[in-house]
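**Q** For my numbering, add 323 to where a residue sits in the sequence shown, where the first one is 1.
Backbone N, C-alpha and C define an ideal beta-carbon position, used for all residues, glycine too.
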Amino acid sequence: MEMIYTDKAPAAVGPYSQAVKANGFVFTSGQIAIDPATNTVLEGDIKVQAKRVMENLKVVLEAAGTDFNHVVKSVCFLADMGDFAAFNEIYGSYFTETKPARSCVAVKTLPKNVIVEVELIAVEKA
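1. If we require 4 or more residues per run, which alpha helix (DSSP H) segments fall completely within the segment 357-394?
2. Does the contact criterion of 3 or more C-beta pairs under 8 Å hold for the segment 396-409 versus the segment 436-448?
3. Does residue 412 come out as helix, strand or coil in the three-state DSSP assignment?
4. Classify residue 450: buried if its beta carbon has 16 or more other beta carbons within 10 angstroms, exposed otherwise.
5. Note down the Cα distance separating residue 347 from residue 415, rounded to an integer number of angstroms.
6. Could you tell me whether the Cβ atoms of residue 383 and residue 351 are closer together than 8 Å?
7. Excluding the five sequence neighbours on either side, which residues of its own chain have a C-beta within less than 8 Å of the C-beta of residue 421, listed in chain order?
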C-alpha cells in the first residue's frame, strides 16, 4: 500500500490519507469543499461546493498518477437530494470520456456542515 498526499488538496481533518494506492487501484477519501489555500470551507451553493470538491479530487488523483478517465466508481453524498440535478451538472463536466459506476445518497449531516462530499475509486494509468 502507498499513502497519497498532495499539498494541492486539503489536508486530512482526521486520521486518514487523502488516498491510498493498492494493487493497481486508487481509493480516495471523501473530499469536501475545503479550499486548500486557506483550509476553510468554501461557502456557496451546490455548484460552488461541488466544483471545489471535484477540483480537490482532481489533484488527489493526479498525485496518485491517475485521472477522472480512470475512475471506476464514485460515491456521492448530498445534504439535500433537491440539489441532485445541479450537482450532476458539475459532476458530469469532469467525466467527459468515461462514466463510472456511482451511488448518490442524501445524508443528514456532512463534516463541517458542507452540502456535498465525494469519494472515488480509480485504476492507475497503464
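**A** Let's see:
1. DSSP runs (the alpha helix (DSSP H)) wholly in the segment 357-394: 369-386.
2. Output reads yes: the segment 436-448 touches the segment 396-409.
3. As a working mapping, residue 412 is identified with position 89 in the sequence shown. Three-state DSSP puts residue 412 in a helix.
4. A question about residue 450 goes unanswered here, because the residues of the chain that appear run from 324 up to 449.
5. Here residue 347 refers to the residue found at position 24 of the sequence shown. Here residue 415 refers to the residue found at position 92 of the sequence shown. Looking at the two C-alpha atoms, the distance is approximately 25 Å.
6. For the purposes of this step, residue 383 is identified with residue 60 of the sequence shown, where counting begins at 1. For the purposes of this step, residue 351 is identified with residue 28 of the sequence shown, where counting begins at 1. Taking 8 Å as the Cβ cut-off, residue 383 and residue 351 qualify as a contacting pair.
7. As a working note, residue 421 is residue 98 in the sequence shown. 391, 392, 393 and 394.
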